[in-house]
Amino acid sequence: METSEKQLPADPSEPPPVGEGEPDRDRLVRGHLSFHDVTEMVSRHAEKKAPMAWYVAFAVAFSGTLLLLALFAYVVWNGIGVWGNNQPVGWGWPIVNFVFWVGIGHAGTLISAILYLFRQHWRTAINRAAEAMTLFAVVCALIWPTFHVGRLWAIYWTLPIPNQMAMWPQFKSPLLWDVFAVSSYFIVSLLFWYVGLVPDLATLRDRAKNFWRQRILAFFSLGWTGSNRHWRNYEKAYLLLAGLATPLVLSVHSVVSFDFAVSVLPGWHTTIFPPYFVAGAIFSGFAMVVTLMVITREVYGLKNLITIDHLEKMNIIILVTGSIVGFAYITEFFMAWYSQVEYEQYAFLNRAFGPYAWAYWIMMTCNLITPQLFWFKRLRRSVPVMFALSIVVNIGMWFERFVITITSLHRDFLPSSWGYFTATWVDIGTLVGSFGLFLTLFLLFLRFVPMVAMSEVKGVMPQADPHFHEHEGNGHVEGDGEPYITPAEPALVKAYRAGGTEDEETSA
Amino acid sequence: MPTLIQNLKARLGIFESDADQVYGLLAEFPDPGALLHAAEAVREDGYRHFDTHSPFPIHGMDEAMGLGNAVGVGFFTFGGGVTGFAAAYLLQWWTAAVDYPINISGKPFFAVEPSVPIMFELTVLFAAFGAVAGMLALNGLPRPYNPLFYSDRFRGASDDRFFLHVAASDGQFDVEDTAALLQRLGARHIELVKDDGSADV
């Protein structure tokens, strides 16, 4: 691509080039970038050849996808007995994996919707990638119940489609609520993501050199021109979608938790499940976002846009939600004791000290104890530490779902039917394969779609304010309720500009 | 003078070109502030068929252009939400209590309580459909053909350039006078956009 090869600052998390003591904490975009720099930094990755690392990662991820497809074919051919599911544990890893993936799929919409409503402008740097991650995680979640039904060809029975049996789905079943909740969530997240993407696709369209590339992007960008008459309705629609997605994101994992809580099984039948599940979902989702963003910003040189401050904020959310989850674990124990129900008490003692104690203590360590390291600012801002911890969190969250699902089932009311669940190689292979599918989709996203919401990032830059060039600030004073943006340093900006090329202003 | 239909279309940002195939004047301004002031001035001068184009929404531009609050999308969203709620209620009631009632553990054929999750989900789903469909409808999108795409500079509108477009369909439009006004307002570059007649608008 022969785009203007403007010199971009190398490691932008560092203070700007000319001597300035403290980097400006209030600024969301580092390194005194111009609007064009942002366009360039983000779009070029969707336009030029992918880096070598991408091909390596894609080869690995795609092998995982192929493994998943092959094993699902095997499962469909032989029946779900090839998984470890049996009596008394009828819900084995497939349901564990379903809840795990759907939980990860909560961070994106949380970031895009809830943080949008709370006017957290820092979300603009990460929302696009987080929303994409959400969509792919939900895809990875939906495959599990789809294949777990065993008879794939009858999966349409979950939808209210008139059929020759004249039967309808059973709307009183939480499993059916799940079908509606997760698929509604997927569709609304997709709409939200796509609406946010339209202006950026228009940017790619306008930069396209190739005829077909331009046509295809023109199709998907709907003829967007950045018209203010359009922005006006667009922003309203975006706000309304955020308002709609907020209760939706909270409802999805609540409904997933009803699959458990509406039953009468000790260990499942608890009223704290919905909030506890939602907190856990946000916890694991944010951890996944940190894992992916740490790699992405490194490989694609996006440290200007996804700064260490962004990562720190996500780590704070991980700390908060991790503590909520830990509190819920302890509350469950209290409730078991306080209920005076023998079976309930046994279920919890069995969790912590029974045959699955190893899983329980992995869960406790990873979810409650290690995230507490984020109390220390130095660890919160250390990239290797947060990368390691974010992976630990997701290991812990997988084990949480394992503990909830397996330990409550393996010893039911009749001791004669007690058993011990063991996973098979198909269980392991399909779980690994689902990560392959997730990463394949995410890598395709990184390759073909602008991975940062350019129009939104430009909108929060100081020079986007119409009064910026008059007052050298955004015209608001501190404390008047509007976000105050500190004035730019004109000398610095000039110095930075002089360092660049003069490809701007060639035609006056 | 523009007709009522033309005025309504102009609200969506769709303008008709005049008899000479002139679509309008496209002026580029150096920064968001200059564009905001230009839009204000053009409106005060009496123009109505004009639009601004920028890579991101500019704070205060709606007031400057005299557009007011965008309530339309809200109505679509509300309509969608009501539709979704009604659909979920009727679906669950009709299938379970009317078309094929099945007695399960003596539970009522239809009750509101277990129907709440699906009512909620479908309300949100259809409201989201309403929001997106309403936004597209009120913006006149998708719109593959737009004479502004003939301008090469206009490609920058999605990157870092700020444009004011005064349409030829405005009753007050006059190529020379309007260009002079835009020049006075500090336009960096002005060009005449012609609709070359290869498609309809």
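These protein sequence lines are chains A and B, in that order.
Note that numbering that gives the first Met the number 0 has the first sequence beginning at 0, numbered continuously upward.
Note that numbering that gives the first Met the number 0 has the second sequence beginning at 0, numbered continuously upward.
For glycine and all other residues, C-beta sits at the position ideal for the given N, C-alpha and C.
Residue i: first and last residue of the uninterrupted beta strand (DSSP E) it sits in
i        : result
Gly23(B) : 21 to 28
Buried versus exposed call for residue i [16 or more other C-beta atoms within 10 Å across all chains shown]
i         : result
Phe153(B) : buried
Arg118(A) : exposed
Trp357(A) : exposed
Pro100(B) : exposed
Lys208(A) : exposed
Val97(B)  : exposed
Ser16(B)  : buried
Ser282(B) : The question about residue 282(B) has no answer here: the residues shown for chain B are numbered 0 through 200.
Pro383(A) : exposed
Gly104(A) : buried
Ser338(A) : exposed
Phe352(A) : exposed
Glu481(A) : Here Glu481(A) scores only 45 on pLDDT, less than 50, and its place in the model should not be relied on; the value that follows carries that caveat. Glu481(A) comes out exposed.
Asn77(A)  : exposed
Trp152(A) : exposed
Met51(A)  : exposed
Met166(A) : exposed
DSSP-derived helix/strand/coil call for residue i
i         : result
Ser53(B)  : coil
Leu140(B) : coil
Glu15(B)  : coil
Val192(B) : strand
Lys171(A) : coil
Glu481(A) : For Glu481(A), the predicted model reports a pLDDT of 45, less than 50, meaning its position is unreliable; a value from the coordinates is still stated below. Glu481(A): coil per DSSP, three-state reduction.
Trp523(A) : It is not possible to answer for residue 523(A), since the shown part of chain A is limited to 0 through 507.
Ala127(B) : helix
Tyr359(A) : helix
His36(B)  : helix
Asp173(B) : coil
Tyr193(A) : helix
Ser42(A)  : helix
Ser104(B) : coil
Leu264(A) : coil
Ala9(B)   : helix
Ser454(A) : helix
Phe201(B) : No answer is possible for residue 201(B): it lies beyond the span of chain B, which begins at 0 and ends at 200.
Val277(A) : helix
Gln86(A)  : coil
Asn145(B) : coil
Asn162(A) : coil
Ile315(A) : helix
Thr82(B)  : helix
Ala186(B) : coil
Where residue i meets chain A, residues with beta-carbon distance less than 9 Å
i         : result
Tyr99(B)  : Ala165, Met166, Trp167
Lys106(B) : Lys171
Residue-chain proximity (residue i, chain D), Cβ-Cβ < 8 Å
i         : result
Leu109(A) : The question asks about chain D, but that chain is absent: this structure's protein chains are A and B.
Interface partners of residue i on chain A, CB under 7 Å
i        : result
Gln91(B) : Phe170
Val72(B) : Asn232, Lys235, Ala236, Leu239
Ala69(B) : Arg231, Asn232, Lys235
Where residue i meets chain B, residues with beta-carbon distance less than 8 Å
i         : result
Asp258(A) : Near Asp258(A) there are no residues of chain B at all, since even the closest Cβ is about 11 Å away, more than 8 Å.
Gly284(A) : Under the 8 Å cutoff, chain B gives no residues; its nearest Cβ is about 19 Å from Gly284(A).
Pro159(A) : Leu90, Thr94
His35(A)  : Asp158, Asp159
Residue i: first and last residue of the uninterrupted alpha helix (DSSP H) it sits in
i         : result
Ala166(B) : Premise fails: Ala166(B) lies in the beta strand (DSSP E), 161 to 166, not in any alpha helix (DSSP H).
Lys592(A) : This structure leaves residue 592(A) out entirely; chain A is present only between 0 and 507.
Gln462(A) : Gln462(A) -> no alpha helix (DSSP H), and no H or E assigned at all.
Pro383(A) : 382 to 401
Thr404(A) : Segment: none, Thr404(A) is in no alpha helix (DSSP H) and carries neither H nor E.
Pro93(A)  : 92 to 103
Tyr73(A)  : 51 to 77
Per DSSP, cross-strand counterpart(s) of residue i
i         : result
Ser226(A) : His52(B)
Closer than 8 Å at the beta carbon, the chain A residues around residue i
i         : result
Ile103(B) : Gln169, Lys171
His52(B)  : Thr224, Gly225, Ser226, Asn227
Asn145(B) : Gly222, Thr224
His48(B)  : The contacting residues do not exist; His48(B) stays about 11 Å from chain A at best.
Thr177(B) : The contacting residues do not exist; Thr177(B) stays about 18 Å from chain A at best.
Pro113(B) : Phe170, Lys171
Contacts that residue i makes with chain B (C-beta to C-beta distance below 7 Å)
i         : result
Lys457(A) : Pro54, Phe55
Arg446(A) : The contacting residues do not exist; Arg446(A) stays about 20 Å from chain B at best.
Thr194(A) : This sequence places Val at residue 194(A); Thr is not what is there. Within 7 Å Cβ-Cβ: Val131.
Ala463(A) : Pro31, Phe55
Residue i: contacting residues in chain B (beta-carbon distance under 9 Å)
i         : result
Ile186(A) : Leu124, Ala127, Phe128
Lys376(A) : Within chain B, no residue comes near Lys376(A); the closest Cβ sits about 33 Å away, beyond 9 Å.
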